[in-house]
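Notes for the one structure printed next.
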Amino acid sequence: MAKHLVAGDRLYSLAEALRLDGRETLNLYKADLNPGLAQMLGLLRFDRNYVRAQGVSVWDDQGQEYLDFLGGYGSLNFGHHPPRIQEALKEVMEAGRPVILQATLSALTAAAAHNVASLCPGRLQRVFFGNSGAEAVEGALKLARAYTGRPGFIHCRGSFHGKTFGALSVTGRDKYQRPFQPLLEHVQAVDFGDLQQLEQALQGRQAAAFIVEPIQGEGGVHEAPPGYLAGALDLCHHYGALLVVDEVQTGFGRTGTILAVEHDGVVPDILCLAKSLGGGMVPVGAFVTTPEIWDQAYGGWEKALLHTSTFGGNAMAMAAVIAATQELVQEGLADQAREKGQWFKARLLDLQKRHRLIREVRGRGLLLGVEFNQPEGWLARVGGQALQNLAQEYTGALVAGQLLERHHIITAYTLNNPNVIRLEPPLVVTQAQMQAVVDALDAVLQEAKGFAGLGLATARTMLKGLLHA
Ligand SMILES: Cc1ncc(COP(=O)(O)O)c(C=O)c1O
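Residue 858 in our numbering sits at position 401 of the sequence shown, with consecutive numbering throughout.
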């Protein structure tokens, strides 16, 4: 019998859910979601109960304001609750438009596809809408196979393309792949930036596509070397493969141009988008390709339904895409990201000169990463082996923990490289907000005085987390 029919169990109303406090939420996570995640976030005191958000700020249930420099991993280029996207969603609801209605054509999907195609360079024209970055990547991989008739894929070490089976197969991190083996066959990894290795991998003429990010986001914010994407495109075409560029994180103005490929003057065969495509309000993913590739793979009515997605192109998502594409262009958000990013990066480079804990500052536009030096052996003597291990792999996480705990600034480490914190605020961020983060980072590194201090500060936070849990 369903649990809610058993005496004593009941279903929450939305009003009740909106009133849940942090402890109740934590307990529900432990019971019904992911207890390990709840425990981890609880220990680092990342389990705050955020109840309101606007622009770059969020507020917890104590009325405390935080600056969000994580920006939904690149999903919040327009900030929290961007008014124009909200109005678009309201308009669709008030108009009573069907939100989900298949077996028909939708004016909103058509207009959204036109807008997305208009932002893409060259002959990238045909758009397929799904619901996430991983789904966009899955679609791109399938399209490449269907078009070329080849089985293989080449990807980069350190890449991140998502966690569904196909996307995970081309994601270059062993930790995420290992428990799920065997993944897709005929997949080969090459070093990011190395055209010679790419050519060797392509020479067998088994690869349908090479998939690559213009800047490896989760890999620790690494820019492609100049000329790499253009060289990769030439090599792919020479050996009969397609170039898939994953702009799920770099797209939509983030790196200072609407798409990061513009910086390199490259038009890939397939482009993947997601994250801010939905204006930070609705999950949307998409891949875009040329008419030739689309038509060969999915042209004609017999093949028109080979690749589909129930929620892809729904009216709420499409209203968000239409408003987001317009907002991006009319507000000049890419230019804003470029100018603000230059200012912010210069301040972070100044910090690097003063703190030996900072190894490198990288990135473009407002996709910036700060890499920390790894601790030396003496930390084990000062703080114990567990702390040594933690700091060795997770210095970025320790810094992110202190930025949150002491300065109310939300950041996170990059998924494939926990020694790097990413700074990826909404593109509407102000200079004063960026300065606040620079000052906070300065203070954390100053107080930490090396890893021992940072580790001990984190240990204190963890202790508080334990008492709080
Ligand atoms: C470059 C890139 N591709 C794909 C993905 C997967 O997107 P999603 O989490 O929406 O599936 C991500 C997520 O971080 C990403 O950064």
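Positions of the beta carbon are idealized from the N, C-alpha and C atoms, including for glycine.
It should be emphasised that the depicted structure is a prediction, and the values quoted were computed from it without experimental measurement.
Neighbourhood of residue 538 by C-beta distance below 7 Å, restricted to the same chain and skipping five residues each side: Locating residue 538 in the sequence shown gives position 81, counting from the first residue. So the qualifying residues of the chain are 510 and 511.
Residue 801 lies in the alpha helix (DSSP H); which residues open and close that run? Along the sequence shown, read from residue 1 onward, the residue named residue 801 stands at position 344. Where residue 801 is concerned, the enclosing alpha helix (DSSP H) stretches over 790–811.
Pick out every residue whose C-beta is nearer than 6 Å to a heavy atom of ligand 1: which are they, in chain order? Checking every Cβ against the heavy atoms of ligand 1 under 6 Å gives 530, 589, 590, 591, 594, 617, 618, 619, 670, 674, 675, 703, 705, 706 and 731.
Please return the same chain residues whose Cβ sits closer than 8 Å to the Cβ of residue 763, not counting the five positions on each side in sequence. Along the sequence shown, read from residue 1 onward, the residue named residue 763 stands at position 306. Counting only Cβ-Cβ distances below 8 Å, and skipping sequence neighbours, we find 603, 754 and 755.
So, does the region 528–543 touch the region 721–735, judging by three or more C-beta pairs under 8 Å? A contact exists between the region 528–543 and the region 721–735.
Distance, residue 459 Cα to residue 465 Cα: Along the sequence shown, one-based indexing puts residue 465 at 8. Along the sequence shown, one-based indexing puts residue 459 at 2. Rounded to the nearest angstrom, the two C-alpha atoms are 12 Å apart.
For residue 573, which residues from the same chain have a beta carbon less than 8 Å from its beta carbon, with the 5 sequence-adjacent residues on both sides left out? Counting from one through the sequence shown, the residue named residue 573 turns up at place 116. Within the same chain, residue 573 has close Cβ partners 584, 730, 734, 743, 745, 778 and 782.
For residue 525, three-class secondary structure by DSSP: On the sequence shown, position 68 is the one that residue 525 refers to. Here residue 525 sits in strand by DSSP.
Would you call the region 608–620 in contact with the region 640–656, where contact means no fewer than 3 C-beta pairs closer than 8 Å? The region 608–620, when compared against the region 640–656, does touch it at the 8 Å Cβ threshold.
Can you check whether the CB of residue 877 is closer than 9 Å to the CB of residue 829? Counting from 1 along the sequence shown, the entry for residue 829 is found at position 372. Counting from 1 along the sequence shown, the entry for residue 877 is found at position 420. Yes, these two residues count as a Cβ contact at 9 Å.
Using only alpha-carbon positions, find the residue among 684, 864 and 558 that is nearest to residue 891. Locating residue 891 in the sequence shown gives position 434, counting from the first residue. The option with the nearest alpha carbon to residue 891 is 864.
Reduced DSSP secondary structure (H/G/I, E/B, other) of residue 595: Within the sequence shown, residue 595 is the residue found at index 138, counting from 1. Under the three-state reduction of DSSP output, residue 595 falls in the helix class.
Coil, strand or helix - residue 874 by DSSP: As a first step, residue 874 is located in the sequence shown; it is residue number 417 there, counting from the start. Under the three-state reduction of DSSP, residue 874 is assigned to strand.
Within the same chain, show all residues whose beta-carbon is closer than 7 Å to that of residue 506, passing over the 5 residues directly before and after it, in chain order. As a first step, residue 506 is located in the sequence shown; it is residue number 49 there, counting from the start. Around residue 506: 478, 479, 482, 517 and 518.
For residue 557, name the three-state secondary structure that DSSP assigns. Taking the sequence shown and counting its residues from 1, the one referred to as residue 557 is at position 100. DSSP places residue 557 in coil when its eight states are reduced to three.
From the DSSP output, in three-state form, read off residue 675 for me. Here the question's residue 675 lines up with position 218 in the sequence shown. Correct three-state label for residue 675: coil.
Distance, Cα to Cα, residue 582 vs residue 725? To locate residue 582, count along the sequence shown from 1; it is residue 125. To locate residue 725, count along the sequence shown from 1; it is residue 268. Each residue's CA atom was taken as its position, placing residue 582 and residue 725 some 12 Å apart.
Does residue 758 pass the burial test, meaning 16 or more other C-beta atoms within 10 Å, or should it be called exposed? For this step, residue 758 is matched to residue 301 along the sequence shown. Exposed is the call here.
Bounding residues of the beta strand (DSSP E) (the contiguous stretch that carries residue 897): For the purposes of this step, residue 897 is taken as the residue at position 440 of the sequence shown. No beta strand (DSSP E) holds residue 897; the alpha helix (DSSP H) holding it covers 888–905.
Just checking: is the beta-carbon of residue 529 within a distance shorter than 9 Å of some beta-carbon in chain D? Looking for chain D here will not work: only one protein chain is present.
Between residue 711 and residue 794, how many whole angstroms is the CB-CB distance? I'm expecting something under 8 Å. By one-based count along the sequence shown, residue 711 stands at place 254. By one-based count along the sequence shown, residue 794 stands at place 337. Yes, they are in contact, since the Cβ atoms of residue 711 and residue 794 sit about 6 Å apart, within 8 Å.
Secondary structure of residue 779, DSSP reduced to three states: Against the sequence shown, residue 779 aligns to sequence position 322. Here residue 779 sits in helix by DSSP.
In whole angstroms, what separates the C-alpha of residue 547 from that of residue 469? The residue labelled residue 547 in the question sits at position 90 within the sequence shown. The residue labelled residue 469 in the question sits at position 12 within the sequence shown. Rounded to the nearest angstrom, the two C-alpha atoms are 25 Å apart.
Minimum C-alpha distance to residue 861 - residue among 769, 503 and 476: For the purposes of this step, residue 861 is taken as the residue at position 404 of the sequence shown. Checking every option, the nearest Cα to that of residue 861 belongs to 503.
Assign residue 575 to one of three DSSP states: helix, strand, or coil. Position 118 of the sequence shown, counted from the start, is the residue given in the question as residue 575. DSSP places residue 575 in helix when its eight states are reduced to three.
Please confirm if the region 693–709 is in contact with the region 896–907, defined as three or more CB-CB distances below 8 Å between the two stretches. No, the region 693–709 does not touch the region 896–907.
Would you mind sorting residue 501 into buried or exposed? The rule is 16 or more other CB atoms within 10 Å of its CB. Walking along the sequence shown from the start, residue 501 turns up at place 44. It is buried - the Cβ of residue 501 has at least 16 other Cβ atoms within 10 Å.
Under DSSP, the alpha helix (DSSP H) around residue 626 begins and ends at which residues? The count along the sequence shown starts at 1 and reaches residue 626 at position 169. Element bounds for residue 626: 622–626.
Relative to the alpha-carbon of residue 592, which residue among 575, 467, 619 and 566 has its alpha-carbon at the smallest distance? Stepping through the sequence shown from its first residue, residue 592 is reached at position 135. With distances taken between Cα atoms, residue 592 lies closest to 619.
What separation, rounded to the nearest whole angstrom, lies between the Cα atoms of residue 747 and residue 803? Here residue 747 refers to the residue found at position 290 when the sequence shown is read from its first residue. Here residue 803 refers to the residue found at position 346 when the sequence shown is read from its first residue. So the two alpha carbons sit approximately 39 Å from each other.
DSSP state of residue 751, grouped into three classes? The residue labelled residue 751 in the question sits at position 294 within the sequence shown. It is helical.
Could you please give me the residues that DSSP links to residue 645 through a beta bridge? Mapped onto the sequence shown, residue 645 falls at position 188. Looking at the DSSP assignment, residue 645 forms a beta bridge with 611.
Taking only three categories from DSSP, how would you classify residue 835? Position 378 of the sequence shown holds residue 835. Interpretation of residue 835 is limited by its pLDDT of 47, a score under 50 that renders its predicted location unreliable; no figure is taken from the coordinates.
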